[in-house]
Amino acid sequence: MPSEPFGAPVPQESGTPWAPVPYRVSERTQETADTATIELEPLEGTRRPDFLPGQFNMLYAPNIGEAAISIAGSPSDLRRWVHTVRSAGKTTDALAQVRVGDVLGVRGPYGKGWPLHEAEGKDLLLVVGGLGLPPLRPVLYEVLSHRDRFRRVEIAYGARTPKDLVYYEEIQRWRGRDDLRFQVTVDRAGTEWYGDVGIVTQRIPDMRFEGSSTVAFLCGPEIMMKGTARALQERGVLTSRIYVSMERNMKCGIGQCGHCQFGPYLLCRDGPVLPYASVERFLALREF
Amino acid sequence: MKEDRRELARELRTHPFLQGLDPGFLDAIEGATQEREFETGDPVVREGEPAGELILVLQGKIGLELVAPDRPRLSLLTVGPGEIVGWSWLLPPRIWQVDGRALKATRVLTIEGNALRKVLEDRPKDAYQFMLRLVPVISRRLHIARIQVMDIHAV
Amino acid sequence: MSPAPSDTAGVLERKDLGRLLEVLNGAGYRVVGPRVRDGAIVYDELRTEEDLPIGWRDRQEAGTYRLERSEDGRVFDFNVGPHSWKKYLFPPHHLLWSTRQEGNRLQVAPGPTLEDKPLAFLGVRACELAALQISDRVFQGGVVDPTYSQRRSSALIIAVECSTSAPTCFCPSMRTGPEVTQGFDLSLRELLSPWGHRFLVEAATDRGRALLRQLPLRAGTEEDQGDLGAQRARVRAGIQRSLPVDEAHDLLQENLEHPRWETVGRRCLACTNCTMACPTCFCSTTEEVPSLSGETSEHFRRWDSCFNLAFSQLHTISVRSSIASRYRQWLNHKLGTWWDQFGTSGCVGCGRCITWCPVGIDLTEELAALRAKAPSTPTTAQGAKA
Amino acid sequence: MTERTVAVNYVARVEGEGALRVRIEQQRVREVELRIFEPPRFFEAFLRGRAYTEAPDITARICGICPVAYQMSAAHALERIAGIEVSGTVRALRRLLYAGEWIESHALHIYLLHLPDFLGFPDAVHLAERHPEIVKQGLELKRAGNQVMETLGGRAIHPINVRIGGFYRCPTSEEMRTLRSPLERALAQAEATARFVATLTFPQVQEDYQFVALRHPEEYPMNQGRVVSSSGLDLPVERFEEAFQEQQVPWSNALQSRSKEGGTYLVGPLARFALNRDRLTPRAAELAKELKVPSPVLNPFQAILVRALEVVVACEEALRIVRDYREPSEPFVPAPTPFPGGVGQAATEAPRGLLYHRYEVGQDGLIREAKIVPPTAQNQARIEEDVRHLVERSVEAEDAQLQDACERAIRNHDPCISCATHFLRLDLQRN
Amino acid sequence: MPALGPNPRLAVFKFASCDGCQLTLLDCEDELLTLTRRVEIADFREASSQVIEGPYDLTLVEGSVTTEEDRHRVQEIRAESRFLVTIGACATSGGIQALRNFADVEEFSRVVYASPQYIRTLATSTPIRDHVSVDLELRGCPISKHQLLETISAVLTRRTPDLPTDSVCIECKRRGNVCVLVARGATCLGPVTQAGCGAICPAFHRGCYGCFGPQGTPNVPPLTHRLHELGASRGELLRVFRTFNAAAPAFRQASESEERAKT
């Protein structure tokens, strides 16, 4: 018989970050040709964990793999996760094509959210490109349920074509409100489109805000966020009040796989939302 | 009528594109200025037709569209209040390169091109200031076109 | 009869070294440590004293490693080899979870964390103790990785102080060695002189003291201390390379567009060897392996590297397609932004990345080049092809 | 009355794409052509100018089914030039690697390619639907062979560990230990296989073969031996080309080999068994007796039984080598420097028969000339005769039946041709 | 990727090759019977005499194109295939028979055949993708069993298979091998060769000889420079790059550069 090891190991808590929790797909909406919004309800229990607008989950498609996907639902709807997924690879293809009743795994929520409290008492701008809207949708829900905490709320959303707009119906409702302004622009359109055409940064001169007292959240392709930030700076928005959501191909969500390194940051841990000031110089570098 | 002219003169002088230019220069072009209105869907300019004027948008929205017989119309830019349409009047062959269509009820000022060019030729210093306003518009639209070509939302 | 040893220190004669392995095996540990295999000293299971690289030495240079026999019979007369302890704590290929689908149910079973026996790491060098502490911050500083944590907390650390240095070493400048000072349960210092072949043994923890009590030790003497001092001086004197650990962060931040990146990018093979050999590099990717029937699936984690093209793939595009940009990413992280992320340098000065780079790229030389020649005008050619 | 042409489409310098064409005129077989139209791959040509050390890796690529055979013949021939002899444990390991290939290749042929013929299925997949236990046993047996090759050669197809003088690395004792239990199981399965295939119904056919195989003083032949024949030939391998000659026939991209005096001949399991029955390993010998296997076996359909016995031989040999294994001090015998150069020949017994290589190498270590005579080339003409006899016997048969019979006749001899013969289109020309 | 029906049809075709890559399928002893429950084997001449006409859902193509007939045959196969995967070095880079691309094929014919006039072959051996569109390529001489199963399983579940373009080195280190280039000075192509084999050669103390062709971003010149320093001759490097993936662009350039330097 072997004797006891010196100071036998102390058993750890059984909790592991490496176990996706099963959820059932309760609803699926086709947003565009390649993008769908899926709603997930817990298989066990009745509610999901809390999350902050801007955080993401690792969604697991059994037999396929995992992908980091922003949370796009309302923080106060505790019964479900809502995610909008665009087919852009092995895992997102599968996630975008799930059917109601399918079971997926969820790990999360992970990352840091938008600093909404900083915008309280100020003008709030959301400038969004493409699939940057889903991670900002929870912000809109929060803002609308506490509308009195903010001054002007202005949203500019740019997409590729009218067919690539997500949340179409909901956007119509938002556009109908008098307590926020929601502008939409597309890169190109056909004759059926009577909205704006161009790029989203063009909308900035037209947005109503007081530069010195404005907080801006940007989410979209890096080149779009760069251009937007510059345009906002021109209108007097303090660089320290511009926030961006960065994207890299996250594999773990918990700062241990290294894929989401961006300069000093591990985006899954320190981001994805970061002050623009802290990433500005890296966005200027090639292949960083 | 007098009242209208005065209003037009005010609008000309306060349009962001011209605001702050030399008053003498603005006086000089005022005579070549007209106001026009379009209903939703009305053509504003047509590709291939003589480009006779500079258009300053006051209200509404004009879509600049590319047309080719074998493909659907493609809208690449919308121009709204405070912006301008067209520099084709400036350089030969003075032909519109795009279709412009009113996307909502739209009111514009037009400055007749021949007269405008004449004023610019006579007042080189003011012309320089005018060009300092026009070139950035061209440059910005070129930049927008480049970003559109990149198709940044495609990946 | 020698005087009795203290509770925490003593001297183990060379002939009694085998007793250490017997005690460890008897206590139920799986002992892993240096042994000769495939032309190098690797880390593998040790059953008896004879498994140790007795009478072997290594010769290391940038891009070169050779084993040779030594005549004096020293047991630990070599420096770190191609393996590091991370392979035990952060296995190269590891099951994170497995799933079974039955209708609309999904069963998720976590992968294994502990092996059946706790590990005893025998022969951990000073730089490697530092590497373990860096890895602790990565794998348990925030979210705790259960595999790492369980193996780490159960592992017994037996350090061995270097009695020789390789030309690729630069631990003094990184303040991680060569002397073993902390982070171990038990430490050994091998001495060979006319006063005999023996090991100074020191225990630093309860586990270490419990082990120490089971060894036949004598008390240390002045001669032992004298030999140790001379040996330490010799080891330090042999270390030629250095790296400005405190300056590195800012130096890199200021030189992200230095033309040197292009230069090294033309030499670099993007083969990943430096990152694989590095004791602290922790990048990984995941791999889903469904069974052919589709009923079950396994989700693995495997070592990945920032030198791989696919590593930085975002949607369908690789963010860092040039090799120069990947080298910059690696060095900037290792020596620079690691501080921001984990409050320490990611480098311990072990020199593995220099030795095991097939073309002998030397990070100390690269950093020196950045320092020597700040660029007059920033280059915009980061993405240009070699 | 009729002329019909039986055409079969698929074989090679190596295994692959071959065809058969039989022309029948007035109920008499006029022509039988086994045509190999696998595109030529010119191995002998591009071996010229390559370093002799590359020959085992390059020639392996001639055949994915028996790469070890090519590696073995090449290594032995080149070692003759280098003047080195591999002996002791390293030689035993080579035999073990070869045994792995025999087990794998024979199991593949018996279970996946040949057995469906006897049991009336188009393939093993359909066979498995009815008799899963049979196919599973075959796959397991095959896997044991692959496991030997993976342990010793790194992988089962185109192993990477064979070099002139021995191996790049010898397995550790621990690695060898892992082979024990699979091989013990494989031996039992091999014996079961032999007993099972002995119960099959064989068409009653007797062919008058001239058998050619290697013969070793002690061993059932594999790596070494003299070239012997059932007509009394007994030559050292160096004189192989004095007795046999390759011919090119216009209908084939593969060369045909014939004996210089006696016409066609047969290599492979039937030949080895006929000429080496006294060298069978103990349990194989007992089994041959128990199953009353005739000596020699002249019915080509019974080749399946002989193959099964050879799997027993290979398993017994493999087990013996694994049990006796002690890690040698050096994995290979180094070649002398400077390299002497010269001409060297060797033959080994590939699963489907004698494989001859000859090389001429310069003192710079570069190959000047290479000649490779694979078993398929040697059997090609003899298979044509088998087919001729078969068609003569069944000339009244329907085209489909005849085609099926021709395919079976070819499959009797060579799994590499079997892959081709599954491709057979019997093009019957009847006048 | 298009959806596959409930009983997808698998076909395996062969061009100039050694049969080793298709044998890999039969070497999946543990998985074969599971696999055949999920797919119908429609045309696989090495394994079955049953031939079901196309179209096929998944077609595996082994071998390179070396004859005029094969040039046409591969087009017919493509037309019958929904998803076409080429398997192995022959099919993806021309294989060892692409050595003819660097020589005079008639000379080759004369070396092997007494009557070369009977032999009809093209002057080059070319990969399948030079002739038809290919959906996926599996590298290797031979291919890896693991990658083959991963690919089939991926096609069946309509996902992209996991086929890394990393170097052999990363597999080599995961396996715990000691680098043969650094520790032995061996001529090893691992740093520029694509992973997939499991780094078997270094595990057996020899240098990688490039079965899987060039990795995602092969940087060959510094490697050849280093191998020369270690004593490899130009002739040796020419030959090692000109073997089983001789016509793959990065290897081809490497061998040609050695050839130029030699003369």
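As you go down the protein sequences, you meet chains P, U, A, C and V in turn. For any residue, its number in my numbering is found by taking its place in the first sequence, counting from 1, and adding 53. For any residue, its number in my numbering is found by taking its place in the second sequence, counting from 1, and adding 80. For any residue, its number in my numbering is found by taking its place in the third sequence, counting from 1, and adding 13. For any residue, its number in my numbering is found by taking its place in the fourth sequence, counting from 1, and adding 683. For any residue, its number in my numbering is found by taking its place in the fifth sequence, counting from 1, and adding 732. Glycine is no exception: its CB is placed at the ideal position from the N, C-alpha and C atoms. Owing to the predicted nature of the structure, the values given are computational and were not obtained by experimental measurement.
Straight-line Cα distance separating residue j from residue i
i                       : j                       : result
residue 860 of chain V  : residue 808 of chain V  : 12 Å
residue 127 of chain U  : residue 789 of chain V  : 50 Å
residue 410 of chain A  : residue 88 of chain A   : Nothing can be reported for residue 410 of chain A: it is not among the residues displayed for chain A, which extend from 14 to 399.
residue 271 of chain P  : residue 278 of chain P  : 6 Å
residue 115 of chain P  : residue 903 of chain C  : 53 Å
residue 206 of chain A  : residue 1008 of chain C : 42 Å
residue 201 of chain A  : residue 139 of chain A  : 11 Å
residue 153 of chain U  : residue 944 of chain V  : 49 Å
residue 198 of chain A  : residue 128 of chain P  : 48 Å
residue 172 of chain A  : residue 925 of chain V  : 38 Å
residue 762 of chain V  : residue 822 of chain C  : 8 Å
residue 694 of chain C  : residue 791 of chain C  : Note that residue 694 of chain C has pLDDT 31, beneath the 50 cutoff, so the model's placement of it is unreliable and no number is given.
residue 168 of chain U  : residue 205 of chain P  : 39 Å
residue 751 of chain V  : residue 118 of chain P  : 33 Å
residue 39 of chain A   : residue 995 of chain C  : 44 Å
residue 1102 of chain C : residue 1056 of chain C : Only weak support exists for where residue 1102 of chain C lies, its pLDDT of 30 falling under 50; the value from the coordinates is given anyway. Approximately 20 Å between the Cα atoms of the pair.
residue 161 of chain U  : residue 258 of chain P  : 11 Å
residue 237 of chain P  : residue 219 of chain P  : 11 Å
Bounding residues of the alpha helix (DSSP H) (the contiguous stretch that carries residue i)
i                      : result
residue 789 of chain C : 771-790
residue 829 of chain V : Note, residue 829 of chain V: premise wrong, no alpha helix (DSSP H); not H, not E.
residue 739 of chain C : 738-743
residue 861 of chain C : 856-881
residue 789 of chain V : It is not in any alpha helix (DSSP H) - residue 789 of chain V instead sits in the beta strand (DSSP E) that spans 788-794.
Start-to-end residues for the beta strand (DSSP E) that takes in residue i
i                       : result
residue 272 of chain P  : 267-272
residue 113 of chain P  : 109-114
residue 106 of chain A  : 106-115
residue 192 of chain U  : 186-192
residue 1054 of chain C : 1050-1056
residue 756 of chain C  : Careful: residue 756 of chain C lies outside any beta strand (DSSP E), inside the alpha helix (DSSP H) at 750-765.
Residue i - partner residues in DSSP beta bridges
i                      : result
residue 314 of chain P : P:319
residue 123 of chain U : U:181
residue 927 of chain C : C:942
residue 312 of chain A : A:110, A:301
residue 917 of chain C : C:911
residue 81 of chain P  : P:91
> Quick one: complete beta strand (DSSP E) runs, 3+ long, within the segment 131-196 of chain P?
Replying inline: 134-139, 156-163, 176-182
>> Across the segment 885-905 of chain C and the segment 981-997 of chain C, are there enough close Cβ pairs to call them in contact, namely three or more that are closer than 8 Å?
In response: Yes: at least three Cβ pairs fall under 8 Å.
> What are the uninterrupted segments assigned as beta strand (DSSP E) that are 3 or more residues long and contained completely in the segment 17-45 of chain A, given in chain order?
Replying inline: 22-26
> Three or more C-beta pairs closer than 8 Å, one from the segment 868-880 of chain V and one from the segment 811-821 of chain V: is that the case here?
Replying inline: A contact exists between the segment 868-880 of chain V and the segment 811-821 of chain V.
> Do three or more CB pairs link the segment 721-729 of chain C to the segment 1082-1089 of chain C at distances below 8 Å?
Replying inline: With a cut-off of 8 Å, the segment 1082-1089 of chain C and the segment 721-729 of chain C do not count as touching, because too few Cβ pairs lie within range.
> So does the segment 310-328 of chain P actually touch the segment 91-103 of chain P, counting three or more Cβ pairs closer than 8 Å?
Replying inline: Proximity of the segment 310-328 of chain P to the segment 91-103 of chain P falls short of the contact definition, fewer than three beta-carbon pairs being nearer than 8 Å.
>> Please give the ranges of any alpha helix (DSSP H) in the segment 898-947 of chain V, keeping only runs that are unbroken, at least 4 residues long and fully inside the region.
In response: 900-906, 912-916, 932-935
> Is the segment 308-326 of chain A touching the segment 277-291 of chain A, taking contact as three or more C-beta pairs under 8 Å?
Replying inline: yes
>> Give the list of continuous beta strand (DSSP E) stretches no shorter than 3 residues that lie fully inside the segment 44-131 of chain A.
In response: Entirely contained in the segment 44-131 of chain A, the beta strand (DSSP E) runs reaching 3 residues are, in chain order, 53-58, 69-74, 77-82, 106-115, 118-123.
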